[in-house]
Structure formats: structure tokens, C-alpha cells
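Mapping of the sequence shown onto this note's numbering: residues 17 to 727, in sequence order.
Beta carbons are placed, not taken as given, at the ideal position from N, Cα and C, and that holds for glycine.
Accompanying notes for the structure given below.
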Amino acid sequence: MATLQNIRNRAGFLVAVIGIAMLAFILGDLLTSGTTIFNKARDKAFEVNGEVISTQDYFDRVTEWENFQKMVSGENSLDENATSQIRELVYQQMVREKILDAQAKKLGLTVSKEELNDLVHGETISPLLQQLPLFVNPETGIYDRNALMNFLNTINQPTQSFKPEEQELVEQYKSVWLFIENLIKYQRLEEKFGALLSGAVMANDIEAKTYFDHSQTNADLTYTVQNYYTIPDSAVTVSNEEIKAFYDKHKKDFKLAVPVAKLTYFVREITPSDADFAEVEKQANEAAEKLRQAQNPAPVVADYSDTPYRDVFVASNLLTPSQLSFASTAAISDVYGPVREGDSYQIYKLIDKTVAPDSVHLRLIVVPDPSALGQDSTVTHFMDSIYNEIQGGKSFEEVANSLNPRSNGGDAGWAREIDLTQLGKEFIQRAFSSPIGIPQKISVPGQQIIMQVEERTQPVTKYKLAIINMPVVVSEKTANNVDNELNQFVSNPEVSKKFNELATEKGYSVVPNYTATATDYMIAQIPNSRQIINWALNEKTKGTVKKFDLTNLRVIARLDEVIPAGITPLSEVSASIRSLLVRDKKAQKIITDLKAKNLTGLDEYASAMNSRVDTVKFVNFNTQNISGLGFEPVLNAFSAYAPLNKVMEPTKGNMGVFVVRIDNRTRSNESFDVKATKATLMNNNSYRLQMQSMEVLKDKLKVKDNRYRFY
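Encoded structure:
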């Protein structure tokens, strides 16, 4: 009773405790949910038209592309450059898909199942399928429908009919096929969208005739030019007001699609120290002495070298210059080294030398060793019967093809001793000493072989060398010393403000004002440096300095500034605007000075411009790149419209001020075909419209790339 009453007396306290516990539970749940909601709000790889594509969806597609690339290329892994390119390709593809989906819905464009089936099985095969190595005949290099059918038949079979390891491969093929189908669908949808756009812009007869005339009329020009660099920048004045006015007028030209980080950095390469070289040199001296005393060099080479000993003769063309120089003059058992060559120590011992063919041309019939098959007598009898057939007069080629029609008569091609190492010493000796055209039975571990020598090269001097290669690598102590030195640099309280001065004092070569965009793969061709860009774009504090540990490099970087996506601030483009305005003012000055001299002939102009008279031929209105001058639209205009044999007034060009005379115009005899010319114009318009439309739609649909936040 006392206990019960005690509980009753404390009931209020217990209720309070339970209430607090429940409140904590509820709040905890809310906080957890809030964190999840918050994380979802942040989990935006990119956005298109308000639709968020999560990092999970994005990286799932990246994985699909990587698997596809591995299958097509036959590679098991991809390097950093390939992975970076795939990431960008996936982003562009997914953005295009979202844009096309939005436009197709408005326009009523679709790709039906029947249409997709026709692109795969019909008469008009998708160009994408025709280009994939999976479905190309390796012998002809041409699309092979049978290869596609075999692929589809394989993935459509019930997986139960395959072995477990085959089932996994088939599932992978199915995934790749769904990926390919998706690409085919959107390629077709984009073709329809492009056709619709192209149909909205027509070429009329007058436009076609003008284009044709311009393309058929070529002019020969004589000109002189004064380059802008011949006048110092100080000769003209550009005010800040003029720069601001230009910026305000052309703001749309300074738009950034993604953020940009500005960095100052230096690179410290991790290389072996003198102590590292001394340690390896000590070991190399031990190795040289042991190699000198050894009757069998193989164990010594195995203990000290990063490459194994090969008990074979090699011709001089397989030796390095230092190896050949030693071997050609040394006596048997002589030892060379240790000698430092680059970042390694080399030791050679001449084991033997001979004069013999460098290579042999072999035919082979190979059967697994009878003991491995558990049928010794059967396999032995089989090999004997084959051998007897060849001995009895049948050609080696005929017998080999009867056993395997794809064996090419058992032709194994040409081989050197070093190529046959894994088959053993006896095989090599028989291959290089057996009579030509006489079959030989040879047993090697795991295999029974019938071999026939077809021919040999002429005898040459060959050497058998024991080679010890001892690379000097960076020791842990050396790497730690470098890291400690750099950690002290980073921890200096003044490092943010005096980065350049402190780095220069230490002898580091500083790269200032480096600009990296959110889509750059790396910094200045430094491998694995994408992480630096990612850090810079996500770092909140300007002036932050950080050390990055790369494979054999250390990079110390300071974040100078992050420029967000959108219109670039005037401060960032002021210098480029000034250069542009300086060029324009130089052009004005040159033209004004020349006109004041009342010159008439090209020679007079060339003298006044400290230049020379030159010529260029076959220029028309449509010429994109003029020989020796590049892109100069003013010369295109003169070629089409300037009067003949008249020196034109000085005119501003891209590289300088030109004075031009048209000496001659010639026209081709090709007749005007209005339909063909219109088709050419429509094709040009179609390509341009498709390229430009996507950029316009990206802007209109407010595509926002946030990937730099995640990798």
C-alpha cells in the first residue's frame, strides 16, 4: 500500500517525464523530417523549366553511359577525362530531353512504338544503330543487321535458360538496350522538332539568286593593311564612362551560364629526395655484388628488380642504347652498374650471346593436357593420330582447318623468343632449332602441342641479359617532409593576404588569377584537380587557402573570388571591353591620319602605313577564311560590291585598317538551279536553327546547373 501510494504521489511527475519524452520524440521526428525535406530541397543536380533533376537520377544516367561506353570500347574502366566528358554529355542529353519533352507536348510531336520499332527493324534503320560498333561487321566496317538481330534474340530469351554468370551479362545487355532505345527515341524527336523549325523559315527566289551569285563570283584583291599592334595603346584614350556605357549596352553578351571561380595557386611535385636515391643506391650496390657472384641470376633479379628475369636471347633492337652498348662489348659474366638512369638504377649482367634467327613463323595445333582432362589415353591417342596424319603427307594447314575451320591453318604468325617465354625453355629451343616443315610434338604445362616451323629470319647476334631495374620512389618520410612544409605554409596567419609573397619566398611558381568554370574538368591539365574547382565554387569565404593531395602532386590554392551565374560584373570584363574600345579608337586614328594625307595609290598608302602591298585571290562574299588573313568580313563585302580598279577608302577590319582595290572578278559557268540552291539554304538554316533554338530554349526555360555542388 505504501508503494502504491508513493506511485500515486509521484504520478504528476511521471506524467511530466513521459510528456517531455513524447515531446522530444515528436520534435526529433519533426527535425529528422525537416532535415530530409531540407536535403531534398538541396538535392538539385540541375533544373529545367522548374523541374528538378536529382543527383540520384543524374548519376544513375552517368552510370548507364559509363557502362555503355565500357561495352562499346571493350574497356573495363574509364580514365578521369572520359568520365568527365560523360558527365557533361549526360547533362547536355538530359537537358535536351526535358526541353524536347516540353516542346513536343505543346506541338503534339510524338515517337510512337511503331515508329520506334521501324527505326530498329524496318527499312530505315536509325543512324545511331548504324554507327554503334556493337552492330558493325568488324571485317567490312558496315552495319550488320544480323548482329543486331542476334543481340536482340539473346536479350529476349528467358534468363532461366542461361547459366548464372550469363544471366548477369544478359541483364546488363538489356539495360544497355533500353539505354540505346531512349537515345534513338530522342534523336528522332529532335529530328521532327528540327524539321518543324526549318519549315518555318523559307528561302525565296530572290534570296536563292543572291546567294548563288555571291558564291559564283570570285574576286582578286590587292590590299595593304596597318595592324593595330603597330600603334601603342597609350596613343588613344578610353574613359571609364565609355567602358560603362559599352557594358550597359551589351550586358547580354556577358552572361555566365555557370559560376566561375578565380584562384591563385602553386603546384609542388612530390619527387624522390637525395636520401631516397642514396638508399636505393646502397641496395643497388648489394644487388650488383650478388648478381656478379650468382650462377643463376633469376633469384637475384627477383629479389631486387621490378621486372622478372627472362631466360631468352634477344636481338639488339629490343635493347636500350645503354644495354646494347654494354652487351656488344662485354665478356660473358661481366656486370655493368649500378648506374643511375633518370629515376632508377640499372644493373646488367651478360649471361650469354649467340648468333641465331631473331624470329620464327609457326603453325600450332594445341590440345589441353590429358592429365587436366582426366582422359590421358584418349587425348594421347588423338594427338598421335593427328601427328601421324601430318607425317603421312597431309599438310599441317589442312589438318588444322579440319579440326577448327577458323584456325587459319593453325597459323600462329611470327614470334621471337621473348614472345614464347610462357611456353617454356624447351619449346623455345625446339622452335628455333627444329627443321623447317617437320612437325614436332611438344608437351608444355597444361597443353599438348604439335608445332611446325614454316620459316625463320636470317641469323643475327642475340644477347641473354640479366637486367635489374631499381626505380627510386618517394619514401613516406620524404612525402611527410613535403606535407609538413606545406602544412606550415597553409597555417601561416598571413597566408591569405600575402600568398604570392610567401610562396615566392619559398621558391614556388605562383599562378595568379586563374579562372575556372563550374564545367571545367581540371585546372591547367593537372590530373584529378576537379576537386579543387568543386571546393572553390562551394567555399563561402574569400581568401581561404587549402592544400590538396593529388597522386604525386600537392596543390596549394587560394580562393580569390566566386562569380555567380548571371551577368558578369563590370569589374571582371572591364579589361576586355577596354581592349575592344582601344582597338576601335586605333582604327579611327589610323583612318583619320590617312585621310588627312590625301593619298591615292596603294603604294602611297603602304608607305604611309609602314606596310607593304599584297594580293589575295578567289575571295567571294561567302568566304569564311581568307588565306593569310582569316575572318575579315570587310574584304568579303569589297569582293562582291566594290567597283573594279578603284582604291577604296581606309576601312576598319578585325586585324587592322585595310586599303583595298578589286583587280578582277570572275564568274563560274554553272547555271542557276533555284531548287538546289533553296535546298542548300534550307539545310544551312536547319542546322543553324537547331543549334540556336536549344540555346534560346535553355535561356527561356531557365536551365540552372547546380552540379558543381556535388562533384
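- In terms of Cβ geometry, V328 and T437 form a close pair [threshold 8 Å].
- Taking C-alpha positions only, V296 is separated from Q407 by approximately 57 Å.
- Residue pairing of Q464 in beta bridges, as defined by DSSP: V383, S459.
- DSSP links R432 through a beta bridge to S375.
- Nearest in C-alpha terms to V192, of all of A235, F84, E131, is F84.
- Membership of V241 in the beta strand (DSSP E) is indicated by the continuous run 233-243.
- Remark: three or more beta-carbon pairs, one from each stretch, lie closer than 8 Å, so the region 359-378 and the region 460-476 are flagged as touching.
- Here DSSP, grouped into helix, strand and coil, assigns V217 to coil.
- A straight line joining the alpha-carbon of G582 with that of E197 spans about 36 Å.
- Judged by DSSP secondary structure, T533 falls outside any alpha helix (DSSP H) and instead within the beta strand (DSSP E) spanning 527-533.
- For the 8 Å CB-CB criterion, I572 and V561 form a contact.
- By the Cβ rule, the region 627-636 counts as touching the region 649-664, because three or more pairs are nearer than 8 Å.
- For E577, the enclosing beta strand (DSSP E) starts and ends at 569-579.
- Residue burial is scored here from C-beta neighbours: V106 has at least 16 other C-beta atoms within 10 angstroms and is therefore classed as buried.
- DSSP, read as helix, strand or coil, puts Q445 in helix.
- F505 and D249 have their C-alpha atoms spaced approximately 40 Å apart.
- When the beta-carbon positions are compared, Y403 and I483 stay at least 8 Å from each other.
- Looking at the DSSP output, F674 bridges to V241, T667.
- Counting along the chain, A277 sits inside the beta strand (DSSP E) bounded by residues 276-285.
- Nearest to L419 by C-alpha distance, out of W430, G429, F398, is F398.
- The region 209-217 and the region 678-691 do not touch, with fewer than 3 CB-CB distances between them shorter than 8 Å.
- The beta carbons of D292 and V490 sit about 7 Å from each other, so the pair counts as a contact at 8 Å.
- In the three-state scheme derived from DSSP, where H, G and I count as helix and E and B as strand, A347 is classed as coil.
- A Cβ-Cβ separation of about 7 Å places P275 in contact with Y724 under the 8 Å criterion.
- Burial is judged here by how many other beta carbons sit within 10 angstroms of a residue's own beta carbon; I348 has fewer than 16 and is exposed.
- P659 and T280 do not touch by the CB rule: their CB atoms are close to 56 Å apart, not below 8 Å.
- Distance from the CA of I593 to the CA of N722, rounded to the nearest whole angstrom, comes to 29 Å.
- Within the region 62-91, the complete beta strand (DSSP E) segments at least 3 residues long are 62-64, 67-69, listed from N- to C-terminus.
- By alpha-carbon distance to N626, the top candidate from F674, D359, Y657 is F674.
- If you look at F262, you'll find it isn't in any beta strand (DSSP E); it sits in the alpha helix (DSSP H) that goes 256-265.
- Closest option to S587, judged by alpha-carbon separation, among R112, Q109, F270: F270.
- Each of E223, E257, Q72, G66 was checked against the Cα of A692, and the nearest Cα belongs to E223.
- Assigned with DSSP and collapsed to three states, T336 falls in coil, not helix or strand.
- If you draw a straight line from the Cα of K121 to the Cα of T535, it is about 30 Å long.
- For P487, the enclosing beta strand (DSSP E) starts and ends at 475-487.
- By the Cβ test, the region 55-74 is in contact with the region 108-126, since at least three Cβ pairs between them sit closer than 8 Å.
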